[in-house]
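Here's the structure, in structure tokens; my notes come after.
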Amino acid sequence: NVYGLDAITAFLTNDNVTVNADPNGNVTSLTNTQGTFKIFDGTTDQTGSQFVNYVIDSSTTGINATINPTTGVYEITSIVSTLEQGNVVFKVYYQGYPAIEKILTISKAKSGYTARSVTLSADTQAFKYDSNGTIAETAG
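Here the sequence shown is numbered in our numbering, starting from -8 and rising by one per residue.
Shown next, in the form of structure tokens:
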């Protein structure tokens, strides 16, 4: 009888993250950016075993992340305000097999702007706002 080798599989427990940001792109919380890079040899969970080593391979400029090299626990630690979305590429090395690469995708959800309230006291008044929200001209 010839038996095959067990499949080596891996995945990120949180591979697509959306973070809330203010209208200027400043992130308000990174608490939902954590996860674990899991690896299995057949059905045996090898996550955190002595046979694995986790690294960050690359990331979009403006995104900072960490990964524990032995446990596979990762998180995003900062995102610059000018970045709308990006990626972090993680790799896991296991017992001489080729590295397995997984990608975490991060996007921002910006909050809206505060609505303006205008009360007119005469039928002949008009207000025109420019793109910055400043009154550009009035007529009346």
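All residues carry an ideal CB built from backbone N, CA and C; glycine is no exception.
Residues in the same chain with beta-carbon distance under 6 Å from residue i, minus the five sequence neighbours each way, listed in chain order, please.
i	result
A90	K82, Y84
L74	G53
I70	V18, I54
Y88	I(-1)
Q86	F42
Just reading off the beta strand (DSSP E) that residue i is part of, what are its end residues?
i	result
A100	91 to 101
A(-2)	Note, A(-2): premise wrong, no beta strand (DSSP E); not H, not E.
E75	Careful: E75 lies outside any beta strand (DSSP E) and carries neither H nor E.
N44	43 to 50
D32	26 to 32
N11	7 to 12
T57	54 to 58
Let me check understanding here. Comparing Cα to Cα, which of the options lies closest to residue i?
i	options	result
G77	V46, K99, V64, G87	K99
A(-2)	D48, D32, V80	D32
P14	G124, K101, K93, Y88	K101
N59	G26, T0, S72, Y(-6)	G26
V79	L95, N23, G124, L21	L95
When burial is assigned at 16 or more other CB atoms within 10 Å of the CB, is residue i buried or exposed?
i	result
G63	buried
F42	exposed
E66	buried
G103	exposed
V46	exposed
K93	buried
F28	buried
T24	buried
Leaving out five residues before and five after residue i in sequence, what residues of the same chain have Cβ atoms less than 8 Å from its Cβ?
i	result
D121	A127
S20	V10, N11
T68	L21, N55, A56, T57
Any chance the region 32 to 43 sits against the region 4 to 14, with 3 or more Cβ pairs inside 8 Å?
no
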